[in-house]
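Asks:
Numbering (the UniProt record's numbering), first residue to last: 1 to 561.
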């Protein structure tokens, strides 16, 4: 700073503090939310058949019990993302925990089909807030360890699936589906129990201009981790980010520009000088449209495609585990099979299949920081295509199980990495809205996959079903290849104004603007200080910096600012 006082950002503070006891507690809390979502999703495999048998429901009514949960998640994922980006991460996951716990527990007392449908829809709305906890945890993790610890976070999903299968195996035969619904709501209740001691994200606080509150949170991190904060004053990351925005044109700012070079700069300056304030005041439908702004639209649309493909494939492979076996028997014999397998066999199959995700977690943990997010995702998606291709033709039961096991390893690994990558490509101001919206699109994939994995297979169109899965997975892998940048080791951005910038490969000169410049003067930085990983579109920021210099040269009146 101009007065010589040293400063540091949240990223630099987290690097200094490291991953310690505080982050472990944050991981445990957010992981409990992820376990809750996994359990509520997995119980659909058990509750649907049980309710159909008890209430004599049609197959359409049974499937609606699952569909309404996805519908609720579609609404909740976007809604809680907006709440979290505008009112805080803590506010977001408080409401999600209340809705999930209340509706989940009340579901066990549903007197009839209609009330059960309404309550499960409410559960879906609550479950849509899962990405809020993902973002909250991510914003406490130092950049070098982010990929590894986000994979560990995703491991809680696998824990949840195994717990639910075990719980169903123990509860359903003797106590029925109502007890399963009630006990499955306990993890989300634990979020409420410990809510009072959870801190707000310091990155979110800085983005909102509450640096004093952010400092208090970081002091708590330092105490629990038994380390000290860096010396100096905490500042918002956007100041540093703006300092790193270079000049793409090679224009020499040490020379007086001609009047023609000044034309239009006043308008550009006014548009960009308020962008930071816009980031901190985004809300409602405006947050959604910011995801489709020129700086984010490419990443957003590609991310939607990848989330859709991963969810469609993941839930589809889970269904195919049982449906291919049943479908083969139906299509190769004249004997009609029962629509549901024996209960004990169902619990056992789901329990064993859940362990396929453990190798996927190990694989993604080994790859995500070593070869990057993009290559990890694309490789696992393309390999899953290889596993699925032989299933386009009838195979033995043993080979079918082995191929589906391999495909599930790859898809679960890819799904894990996309949840690492997604929070990293969005700035803090729209992060949970971005992840929530992408998650909503993924829920659509989960909702439509039964039309392929169940309906087509039962209609003896197994080859067509597998070809459709192959096509969706392949296109998802191609979408990953077109993501604009790799995020491994890259610090998180706070400001939308710089999150989409692109650095030219032939950059010959850099001009940097900071908020101190507006008060004390301006500085220039050599191209050596520019990090090539920031593929930013920086023309607007360059013209803003040029305009400020023109004010100092008395070419443009200061009142224009």
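By construction, the Cβ of each residue, glycine as well, lies at the ideal position given by its N, Cα and C atoms.
Provide the residue span of the alpha helix (DSSP H) that contains residue 31, from first to last.
Replies: Segment 21-42, the alpha helix (DSSP H) holding residue 31.
Asks: Candidates 123, 223, 84: which alpha carbon is nearest residue 102's?
Replies: 123
Asks: Distance check for residue 459 and residue 406, CA to CA, integer angstroms please.
Replies: Those two C-alpha atoms are separated by around 25 Å.
Asks: Is it true that the CB of residue 84 sits closer than 8 Å to the CB of residue 132?
Replies: Taking the C-beta atoms as reference points, residue 84 is found nearer than 8 Å to residue 132.
Asks: Compute the Euclidean distance between the alpha carbons of residue 116 and residue 450, then round it to the nearest angstrom.
Replies: Looking at the two C-alpha atoms, the distance is approximately 21 Å.
Asks: Under DSSP, the alpha helix (DSSP H) around residue 131 begins and ends at which residues?
Replies: Looking at the DSSP string, the run of the alpha helix (DSSP H) that includes residue 131 is 130-138.
Asks: CA-CA distance, residue 114 and residue 298?
Replies: Those two C-alpha atoms are separated by around 41 Å.
Asks: So, is residue 82 buried or exposed, given that buried needs 16 or more other C-beta atoms within 10 angstroms?
Replies: buried
Asks: With three or more C-beta pairs closer than 8 Å as the rule, is the stretch 381-398 touching the stretch 32-51?
Replies: no
Asks: If we ignore side chains and look at the alpha-carbon of each, how far apart do residue 351 and residue 162 end up?
Replies: Each residue's Cα considered, the two are about 6 Å apart.
Asks: Please determine, among 179, 100, 110, the residue with the shortest C-alpha to C-alpha distance to residue 35.
Replies: Here the closest residue by C-alpha is 100.
Asks: With a Cβ-Cβ cutoff of 8 Å, do residue 27 and residue 97 count as a contact?
Replies: no
Asks: Quick one: residues in its chain with C-beta nearer than 6 Å to the C-beta of residue 321, no 5 flanking neighbours on either side, listed in chain order?
Replies: Cβ-Cβ distances below 6 Å link residue 321 to 353, 404 in the same chain, with the five nearest sequence neighbours on each side left out; the list follows chain order.
Asks: Quick one: measure Cβ to Cβ for residue 361 and residue 155, integer angstroms, because I've assumed they're closer than 8 Å.
Replies: 5 Å
Asks: Hey, could you find the ends of the alpha helix (DSSP H) residue 160 is sitting in?
Replies: 146-175
Asks: Starting from the Cα of residue 37, find the closest Cα among 52, 128, 232 and give me that residue.
Replies: 128
Asks: Is the beta carbon of residue 417 closer than 8 Å to that of residue 373?
Replies: yes
Asks: Per DSSP, which residues does residue 463 bridge with? Please list them.
Replies: DSSP lists no partner for residue 463.
Asks: For residue 465 versus residue 456, is the C-beta spacing smaller than 8 Å?
Replies: yes
Asks: Looking at C-alpha atoms only, which residue of 386, 218, 52, 479 is the closest neighbour of residue 306?
Replies: 479
Asks: Given that a residue counts as buried once 16 or more other Cβ atoms are within 10 Å of its Cβ, and exposed if not, what is residue 503?
Replies: Note that residue 503 scores 31 on pLDDT, short of 50, meaning its location in the model is unreliable; the coordinates nonetheless yield the value given after this. The residue in question, residue 503, is buried, as its Cβ has 16 or more Cβ neighbours within 10 Å.
Asks: Go through its chain and collect everything with a Cβ distance to residue 140's Cβ below 6 Å, but skip five positions before and after it.
Replies: 23, 26
Asks: Measure the alpha-carbon distance for residue 206 versus residue 136 and round it to whole angstroms.
Replies: 14 Å
Asks: Would you call the stretch 381-390 in contact with the stretch 465-477, where contact means no fewer than 3 C-beta pairs closer than 8 Å?
Replies: yes
Asks: Beta-carbon within less than 6 Å of residue 52's beta-carbon, same chain only, minus the 5 sequence neighbours each way: which residues are those?
Replies: 62
Asks: Near residue 200, what residues of its chain come up, given a Cβ to Cβ distance below 6 Å and the 5 sequence neighbours on each side ignored?
Replies: 88, 90
Asks: Does DSSP put residue 15 in a helix, in a strand, or in coil?
Replies: helix
Asks: So for residue 234, helix, strand or coil by DSSP?
Replies: Strand, per DSSP.
Asks: Pick out whichever of 14, 77, 153, 469 has its Cα sitting closest to the Cα of residue 319.
Replies: 469
Asks: Would you tell me roughly how many angstroms separate the C-alpha atoms of residue 69 and residue 6, rounded to the nearest one?
Replies: Here the alpha carbons of residue 6 and residue 69 stand approximately 51 Å from one another.
Asks: Considering only the alpha carbon of each residue, which of 301, 14, 454, 408 lies closest to residue 222?
Replies: 14
Asks: Determine whether the beta carbon atoms of residue 148 and residue 379 lie at a separation below 8 Å.
Replies: In this structure, residue 379 does not lie closer than 8 Å to residue 148 by Cβ.
Asks: Here's a check: name, in chain order, each residue in its chain whose Cβ is nearer than 7 Å to the Cβ of residue 55, leaving out the five neighbours to either side.
Replies: 113
Asks: In angstroms with no decimal places, state the Cα-to-Cα distance between residue 376 and residue 58.
Replies: 42 Å
Asks: Looking only at C-alpha atoms, which of 463, 443, 194 sits nearest to residue 310?
Replies: 443
Asks: Mapping the DSSP letters down to three states, classify residue 9 as helix, strand or coil.
Replies: Here residue 9 sits in coil by DSSP.
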